[in-house]
Amino acid sequence: MQGRAAKLPDHEKVYRRLREMILYGELTPGQAVTIQGLVETLGVGMTPVREAIRRLTSEGALVFQGNRRVSVPEMDAEEWEEIAFARLSIEPELSRLAVENMGAEDITRLVSIDDQLNAAIDRGDVRGYLEHNYRFHRALYELSGAHVLLSIANMLWLRGGPGLRVVLGRYGTANLPDKHAEALAGMRAGQPEVVAEAIRGDIQQGIDTVRVHLLGEKV
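Set out below in structure tokens:
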């Protein structure tokens, strides 16, 4: 993995790093940062940072604020409902397809990621939770072979992830819902519909958490 990463061009490395900063809450909604500040933080040249920003703005993960500043867009209730609808439509299907393609080694890998996620919850590590939760879902969905749906799901995570980060920053990781154990049991039993339903429930709980604690809505 490290060898492949080292061969990536600078603009791809910067894109992936900025993407992680958004997904894992290092850049929060409404927090403006300068392009020059990102250059200094990442230790790279201006050109790859601009290219990464261009890609992320096209994906809706960043917006320009003027004066060479960008920020993660803030979410309103209407946008959140659109993201919720799309995620609940796409991600259970990705997980269902994934079960049809996975082997024992894939399940072992997912168990390992989930163990790291649970450890992050136990120690109150918000960033660790976000990282391993994303890794679990991405590793599962990548087994689906549905490349178009996967690209849409990745965009939805970029748009929706920062909102969950804000909530976890306020309330911590205690009592976080987790349907991964149910999903893993379904994988071991080779039951795609069980896994799809567990993932649907997992997503729904995260959506409802943001609705209540960030958007102030009743569920």
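Just so we're on the same page, the working numbering is the position in the sequence shown counted from 1, plus 877.
Even for Gly, the Cβ is constructed at its ideal location relative to N, Cα and C.
query                                                                                                                                                                               : result
Helix, strand or coil: which one does DSSP assign to residue 1068?                                                                                                                  : coil
Excluding the five sequence neighbours on either side, which residues of its own chain have a C-beta within less than 7 Å of the C-beta of residue 1020, listed in chain order?     : 975, 978, 979 and 983
Work out the CA separation of residue 1022 and residue 1080 for me, nearest whole Å.                                                                                                : 21 Å
Taking all protein chains shown into account, do 16 or more other C-beta atoms lie within 10 angstroms of the C-beta of residue 895, making it buried, or fewer, making it exposed? : buried
By how many angstroms is the C-alpha of residue 943 removed from the C-alpha of residue 1076?                                                                                       : 39 Å
Among all the DSSP beta bridges, which residues are the ones paired with residue 943?                                                                                               : 946
Closest by CA to residue 1089, which one among 1064, 1074 and 1045?                                                                                                                 : 1045
Could you tell me the alpha carbon to alpha carbon distance between residue 925 and residue 917, rounded to whole angstroms?                                                        : 12 Å
Classify residue 915: buried if its beta carbon has 16 or more other beta carbons within 10 angstroms, exposed otherwise.                                                           : buried
Between residue 956 and the ligand GTP, is there a pair consisting of the residue's CB and a ligand heavy atom that are separated by less than 6 Å?                                 : With respect to the ligand GTP, the structure offers nothing, as it holds no ligand at all.
Tell me which residues share the same chain as residue 846 and place their Cβ nearer than 7 Å to its Cβ, disregarding the 5 neighbours each side in the sequence.                   : Because residue 846 is not part of the residues shown, which for the chain are 878 to 1096, the question remains open.
Identify the residues that DSSP records as bridge partners of residue 1043: which are they?                                                                                         : Answer is none; residue 1043 lacks a bridge partner.
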